[in-house]
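**Student:** Below you will find the structure I want to go over with you.
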Amino acid sequence: MGRTWSADRYYSDGEASRVPFRTILRTKDAAIFLKRRLGNFRYDIPLNPGLYEMRLFFAETTYGENNLDGGGETSRLFNVTANGKALLTSFDVILDAAAANTADIKVFKQVSPASDGFLHLQFQSNKDRAFVNAIELVPGNGNKLHPIRFVARENGFTDSKGRAWLPESYSVGGRLVLRQQEVAGTPDPGVYQSERYGNFSYAIPVAPGKYTVILHFAETWHGPHRGDSSGVGSRVFDVFCNGLALLQSFDIYKEAGKSFRAVEKRFTGLQPNAQGKLILSFVPQVNYACVNAIEVLDEAN
817 MGRTWSADRY
827 YSDGEASRVP
837 FRTILRTKDA
847 AIFLKRRLGN
857 FRYDIPLNPG
867 LYEMRLFFAE
877 TTYGENNLDG
887 GGETSRLFNV
897 TANGKALLTS
907 FDVILDAAAA
917 NTADIKVFKQ
927 VSPASDGFLH
937 LQFQSNKDRA
947 FVNAIELVPG
957 NGNKLHPIRF
967 VARENGFTDS
977 KGRAWLPESY
987 SVGGRLVLRQ
997 QEVAGTPDPG
1007 VYQSERYGNF
1017 SYAIPVAPGK
1027 YTVILHFAET
1037 WHGPHRGDSS
1047 GVGSRVFDVF
1057 CNGLALLQSF
1067 DIYKEAGKSF
1077 RAVEKRFTGL
1087 QPNAQGKLIL
1097 SFVPQVNYAC
1107 VNAIEVLDEA
1117 N
């Protein structure tokens, strides 16, 4: 389910710049963040009439910890406008991402072309040079963001309803693992045949609004059918969204009544933080926290 990205186009001014290879956190697609357009520049992107969903991709790879120029917050500030309307003002990528060398994605919905049929994006330097790593535009879904669905593995998945689940992204911490035994209690056992486990978090970028988050779990390690014969109490953890407790002392085995059975937990009315992220933190109490898949659904009418 890889996406195809075109080469940089529709731009005026600025300069193309390559970034020496380094690890970029919270993304599986580091290559997106190793090239950028830098300076004072604009994009005039031809679009058919209608509403679009737009994502702007950034990672600060010049300033901040482990970068050659050092510094940190306030080292680079810039503005971004769309058809003359402010999108980002005195934007500080390190502040927004909470670290350097970290993927930072800004999401905008209901973006439309100007009367001349172009979306005019202007990047204006404030302190040091403005930049962007990538721009994504897809046809909009009315007032809603398109659903975000991903499975905790390297490859995507298409479920029994024909819905595409992307490979996992946005994570820091933990490890991925594949499981072979099929999970019961679901029409889509493939959703549960991989997991992230450990002490980890996701920073999922969204537009302002309220969202439903659905977490998918299955206990595929503890229980009578694994080498470890323990069950209830062998894995206990908490889940938070932007500091709000969603699950406390959660025990998948206890919830499901057995191992290898799907458990779905749904939470509504969740709002992103000031940086436009739903930060989902999985914090162990006993053994490791884990999750198999995550859905994020826009609640807008």
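If you want our numbering, it's the position in the sequence shown, counting the first as 1, plus 816.
The beta-carbon is built from N, C-alpha and C at its ideal position, and this holds for glycine as well.
In this text, all values refer to a predicted model and were calculated from it rather than measured experimentally.
Do you know offhand how far SER1045's Cα is from ALA916's?
**Tutor:** Numbered from 1 along the sequence shown, position 229 holds the residue referred to as residue 1045. Numbered from 1 along the sequence shown, position 100 holds the residue referred to as residue 916. Because SER1045 sits at a pLDDT of 49, beneath the cut-off of 50, its placement in the model cannot be relied upon, and the following sentence gives the value as read from the coordinates. If I take the Cα positions, the gap works out to 43 angstroms.
**Student:** Could you name the residues of the same chain whose beta carbon sits closer than 6 angstroms to that of ASP885, not counting the 5 residues immediately before and after it, in chain order?
**Tutor:** For this step, residue 885 is matched to residue 69 along the sequence shown. Around ASP885: THR878, TYR879.
**Student:** For ILE848, which beta-bridge partners are listed by DSSP?
**Tutor:** Indexing the sequence shown from 1 puts residue 848 at position 32. ILE848 pairs with nothing; no bridge assigned.
**Student:** Could you name each continuous alpha helix (DSSP H) segment of 4 residues or more that falls completely within the segment 900-967, going from the start of the chain to the end?
**Tutor:** 909-913
**Student:** Determine the direct distance from the alpha carbon of GLN926 to that of LEU953, and round the result to whole angstroms.
**Tutor:** For this step, residue 953 is matched to residue 137 along the sequence shown. For this step, residue 926 is matched to residue 110 along the sequence shown. Their backbone Cα atoms lie some 11 angstroms apart in a straight line.
**Student:** For PRO862, which residues does DSSP report across the bridge?
**Tutor:** Working through the sequence shown from its first residue, we reach residue 862 at position 46. Paired residue(s): PHE934.
**Student:** Have a look at LEU1094, PHE939, LYS943, PHE1066 and flag the residue whose alpha-carbon is nearest the alpha-carbon of ASP829.
**Tutor:** Residue numbering aside, residue 829 sits at position 13 when the sequence shown is read from its first letter. It is PHE939 whose Cα lies nearest to the Cα of ASP829.
**Student:** Under the rule that 16 or more other beta-carbon atoms within 10 Å means buried, what is ALA1039, buried or exposed?
**Tutor:** Locating residue 1039 in the sequence shown gives position 223, where the first residue counts as 1. Rather than Ala, the amino acid found at residue 1039 in this sequence is Gly. So GLY1039 ends up on the buried side.
**Student:** With distances taken from CA atoms, which of GLY1073, ILE861, LEU1094 is nearest LEU1113?
**Tutor:** Here residue 1113 is taken as the residue at index 297 of the sequence shown, counted from 1. Closest option to LEU1113, Cα to Cα, is LEU1094.
**Student:** Tell me whether THR843 is buried or exposed, calling it buried when 16 or more other Cβ atoms sit within 10 Å of its Cβ.
**Tutor:** Looking up residue 843 in the sequence shown gives position 27. It counts as buried.
**Student:** Between which two residues does the beta strand (DSSP E) containing TYR1013 stretch?
**Tutor:** Along the sequence shown, read from residue 1 onward, the residue named residue 1013 stands at position 197. 1010-1014 is the span of the beta strand (DSSP E), which, as asked, contains TYR1013.
**Student:** Check the C-beta distance from VAL1029 over to PHE973 and give it rounded, since I have them as a contact under 8 angstroms.
**Tutor:** Position 213 of the sequence shown, counted from the start, is the residue given in the question as residue 1029. Position 157 of the sequence shown, counted from the start, is the residue given in the question as residue 973. Incorrect: roughly 19 angstroms between the Cβ atoms, too far for contact.
**Student:** Among the residues of its own chain, which have a CB less than 7 angstroms from the CB of VAL979, if the five just before and after it don't count?
**Tutor:** Residue 979 sits at position 163 when you count from the first residue of the sequence shown. Correcting the residue identity first, residue 979 is Arg in this sequence and not Val. Hits under 7 angstroms: ARG965.
**Student:** Might you give, ordered along the chain, the residues of its own chain that have their beta carbon closer than 6 angstroms to the beta carbon of GLU876, omitting 5 neighbours on each side?
**Tutor:** The residue you call residue 876 lines up with position 60 of the sequence shown. So the list reads VAL909, ILE910, ALA916, once near-sequence residues are dropped.
**Student:** Between SER985 and ALA913, what straight-line distance do the alpha-carbon atoms span, to the nearest angstrom?
**Tutor:** Against the sequence shown, residue 985 aligns to sequence position 169. Against the sequence shown, residue 913 aligns to sequence position 97. So the alpha carbons of these two residues sit roughly 15 angstroms apart.
**Student:** Taking DSSP's pairing of strands, which residues face HIS1119 in a bridge?
**Tutor:** Outside the modelled stretch of the chain, which goes from 817 to 1117, sits residue 1119, for which no answer is possible.
**Student:** Between GLY1001 and the rest of its own chain, which residues show a CB-CB distance below 6 angstroms, the 5 nearest in sequence each way excluded?
**Tutor:** The residue you call residue 1001 lines up with position 185 of the sequence shown. Hits under 6 angstroms: ARG1077, ALA1078.
**Student:** Out of SER1075, ARG825, VAL1099, ARG858, state which residue places its alpha-carbon closest to the alpha-carbon of PHE1066.
**Tutor:** If you number the sequence shown from 1, residue 1066 lands on position 250. When each option's Cα is compared against that of PHE1066, the closest is VAL1099.
**Student:** Mind checking which residues open and close the alpha helix (DSSP H) that includes ALA1109?
**Tutor:** The sequence position of residue 1109 within the sequence shown is 293, counting from 1. Segment 1109-1114 is the beta strand (DSSP E) holding ALA1109; no alpha helix (DSSP H) there.
**Student:** Going by DSSP in three states, GLY880 sits in which element: helix, strand or coil?
**Tutor:** As a working note, residue 880 is residue 64 in the sequence shown. It is coil, neither helix nor strand.
**Student:** Does chain B have any CB closer than 9 angstroms to the CB of TYR986?
**Tutor:** Of the protein chains in the structure, only one exists, and it is not chain B.
**Student:** According to DSSP, is VAL999 part of a helix, a strand, or is it coil?
**Tutor:** One-based indexing of the sequence shown puts residue 999 at position 183. In the structure shown, VAL999 sits in coil (DSSP, three-state: anything other than H, G, I, E or B).
**Student:** Closest by CA to ILE921, which one among PHE1016, ALA968, GLN1091?
**Tutor:** Counting from 1 along the sequence shown, the entry for residue 921 is found at position 105. Looking at the Cα atoms, GLN1091 is the closest of the given residues.
**Student:** Assuming SER1081 is part of the beta strand (DSSP E), what are its boundary residues?
**Tutor:** Looking up residue 1081 in the sequence shown gives position 265. Residue identity differs from the one stated: residue 1081 is Lys in this sequence, not Ser. Its beta strand (DSSP E) spans residues 1079-1086.
**Student:** Would a C-beta distance cut-off of 9 angstroms place VAL1052 and LEU1096 closer than the cut-off?
**Tutor:** Here the question's residue 1052 lines up with position 236 in the sequence shown. Here the question's residue 1096 lines up with position 280 in the sequence shown. Not in contact: VAL1052 and LEU1096 (Cβ atoms no closer than 9 angstroms).
**Student:** Considering ALA832, what are the terminal residues of the beta strand (DSSP E) in which it resides?
**Tutor:** Along the sequence shown, read from residue 1 onward, the residue named residue 832 stands at position 16. For ALA832, the enclosing beta strand (DSSP E) begins and ends at 827-834.
**Student:** Indicate the three-state DSSP secondary structure (helix, strand or coil) for GLU869 in the structure shown.
**Tutor:** Locating residue 869 in the sequence shown gives position 53, counting from the first residue. Strand at GLU869.
**Student:** Under three-state DSSP, which class holds TYR986?
**Tutor:** As a first step, residue 986 is located in the sequence shown; it is residue number 170 there, counting from the start. Here DSSP, grouped into helix, strand and coil, assigns TYR986 to coil.
**Student:** When burial is assigned at 16 or more other CB atoms within 10 Å of the CB, is PRO929 buried or exposed?
**Tutor:** Against the sequence shown, residue 929 aligns to sequence position 113. Flag for PRO929 reads buried.
**Student:** Grab me the residues of GLU889's own chain with a C-beta within less than 7 angstroms of its C-beta, minus the 5 sequence neighbours each way, in chain order.
**Tutor:** Along the sequence shown, read from residue 1 onward, the residue named residue 889 stands at position 73. Contacts found: ASP908, ILE910, LEU911.
**Student:** With a CB to CB cut of under 7 angstroms and the five nearest residues on each side skipped, what residues in its chain are close to ALA1116?
**Tutor:** Position 300 of the sequence shown, counting from 1, holds the residue named residue 1116. Counting only Cβ-Cβ distances below 7 angstroms, and skipping sequence neighbours, we find ASN959, LYS960, GLY1025.
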